[in-house]
Amino acid sequence: MRTAAPTLAGHDPATTPAASRWSPITRFWPLIAGVLLLALLWFGPLPQTARGSFAAHMVLHMGLVALAAPVLALGLARAFPRLIAAFPPALAIFASLVEFVAIWIWHAPVLHDAARVDRSVFVLEQTSFLGAGILLWSSAIGAASAGRPAARAAGVVALLVTSMHMTLLGALLLFAPRPLYACAELCSPAAALTPLADQQLGGVLMLLVGGAAYLGGGLALLASLLREDARSDGTC
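Residues are numbered in this note's numbering as their position in the sequence shown, beginning at 1, plus a constant of 591.
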């Protein structure tokens with residue numbers, strides 16, 4: 592007999608009917624919390640502060656991909672469990688590629704500087720970060736919910752690869768010998784930190800928050816996969 596392991600989505604779809612899985616409050620609170628987080632990030636003081644501080648810009652970025660995106664993805668998994676669980680394994684790998692492209696392109700000096708000074712470019716940057724984050728976290732949570740080893744393995748790879756390249760980018764920002772962005776001088780002439788120190792703080796934030804969030808998600812999914820294998824071996 593197959594015994595399903597707990598999942599990132601917090602349920603076992605093999606044993607619980609979709610319609611009766613959660614109460615309405617339990618089902619929709621992640622979506623509500625995610626929307627509130629977005630409102631706090633986008634309509635609070637951070638966007639204005641981020642125009643003059645790379646570190647504040649990184650706080651906004653990490654808030655989107657490592658906090659709001661997984662909470663919203665969990666909400667989508669609870670609101671549409673069958674749809675999210677049906678995601679093919681390849682989607683997680685594709686989503687990790689999309690996030691890789693979004694993160695590295697928007698941290699290229701030309702595009703990053705443009706996002707700091709042009710509101711329309713800033714909006715495009717922020718929506719691409721959020722969209723890529725939701726796609727990746729949704730596919731990983733879908734892999735956890737599906738109970739298919741191939742889907743879970745793809746989710747593990749996607750999250751761990753994302754953790755690695757975020758860690759790499761954070762290290763590049765931290766150990767760069769000079770400021771990489773022209774906006775470091777132009778956007779924040781009265782900043783408390785020097786441009787290089789501001790960039791280094793942003794690199795630390797990406798290392799500690801971004802790298803850790805995706806590493807934690809990948810390890811949690813890997814643990815569920817290993818438990819599933821152990822239980823399957825025990826019932827053979």
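All C-beta atoms in this analysis are idealised placements derived from N, C-alpha and C, irrespective of residue type, glycine included. It should be emphasised that the depicted structure is a prediction, and the values quoted were computed from it without experimental measurement.
Starting from residue i, trace the alpha helix (DSSP H) in both directions and tell me its first and last residue.
{"i": "D789", "result": "786-796"}
{"i": "R743", "result": "740-766"}
{"i": "V701", "result": "700-708"}
With burial defined as no fewer than 16 other Cβ atoms inside 10 Å of the residue's Cβ, what is the status of residue i: buried or exposed?
{"i": "V800", "result": "buried"}
{"i": "S815", "result": "buried"}
{"i": "Q639", "result": "exposed"}
{"i": "L627", "result": "exposed"}
{"i": "L750", "result": "buried"}
{"i": "F766", "result": "exposed"}
{"i": "D789", "result": "buried"}
{"i": "R669", "result": "buried"}
{"i": "A664", "result": "buried"}
{"i": "A681", "result": "exposed"}
{"i": "P636", "result": "exposed"}
{"i": "P786", "result": "buried"}
{"i": "L817", "result": "exposed"}
{"i": "P700", "result": "exposed"}
Spatial neighbours of residue i within its chain, please: CB distance less than 8 Å, with the 5 preceding and 5 following residues excluded, ordered by chain position.
{"i": "W697", "result": "H703, A706, E716, S719, F720"}
{"i": "A762", "result": "G794, L798"}
{"i": "F691", "result": "V752, T753, H756"}
{"i": "L784", "result": "S644, A646, L792"}
{"i": "I684", "result": "A745, V748, A749"}
Looking only at its chain, what residues have a beta carbon closer than 7 Å to the beta carbon of residue i, apart from the 5 residues adjacent to it on each side?
{"i": "L754", "result": "Here residue 754 is Ser; the residue named in the question, Leu, does not match the sequence. Hits under 7 Å: G802, Y805, L806, G809."}
{"i": "L632", "result": "L651, G654, L655, A659"}
{"i": "A693", "result": "S719, F720, A723"}
{"i": "L629", "result": "A659"}
{"i": "G625", "result": "A659, V662, L663, G666"}
{"i": "S687", "result": "L727, A749, V752, T753"}
{"i": "M649", "result": "G793, L796, M797"}
{"i": "I725", "result": "A660, L663, A664"}
Using a Cβ-Cβ cut-off of 6 Å (strictly less than) and excluding sequence neighbours within five positions of residue i, which residues of its own chain qualify?
{"i": "P608", "result": "Confidence is the limiting factor: at P608 the pLDDT is only 42, short of 50, which leaves the residue's position unreliable, though a coordinate-based value still follows. Around P608: no qualifying Cβ."}
{"i": "G733", "result": "I675, A676, F678"}
{"i": "A610", "result": "With a pLDDT of only 40 at A610, under the threshold of 50, the placement of this residue in the model should not be trusted; the figure read from the coordinates follows. Result list for A610: empty, nothing under 6 Å."}
{"i": "W620", "result": "none"}
{"i": "F713", "result": "A706"}
{"i": "G730", "result": "The identity of residue 730 in the sequence shown is Ser, whereas the question assumes Gly. Taken in chain order, the residues that qualify are F678, L682, A683, A686."}
Extract the residue ranges of the beta strand (DSSP E) inside the segment 623-697, only unbroken runs of 3 or more that lie entirely within it.
Runs found: none.
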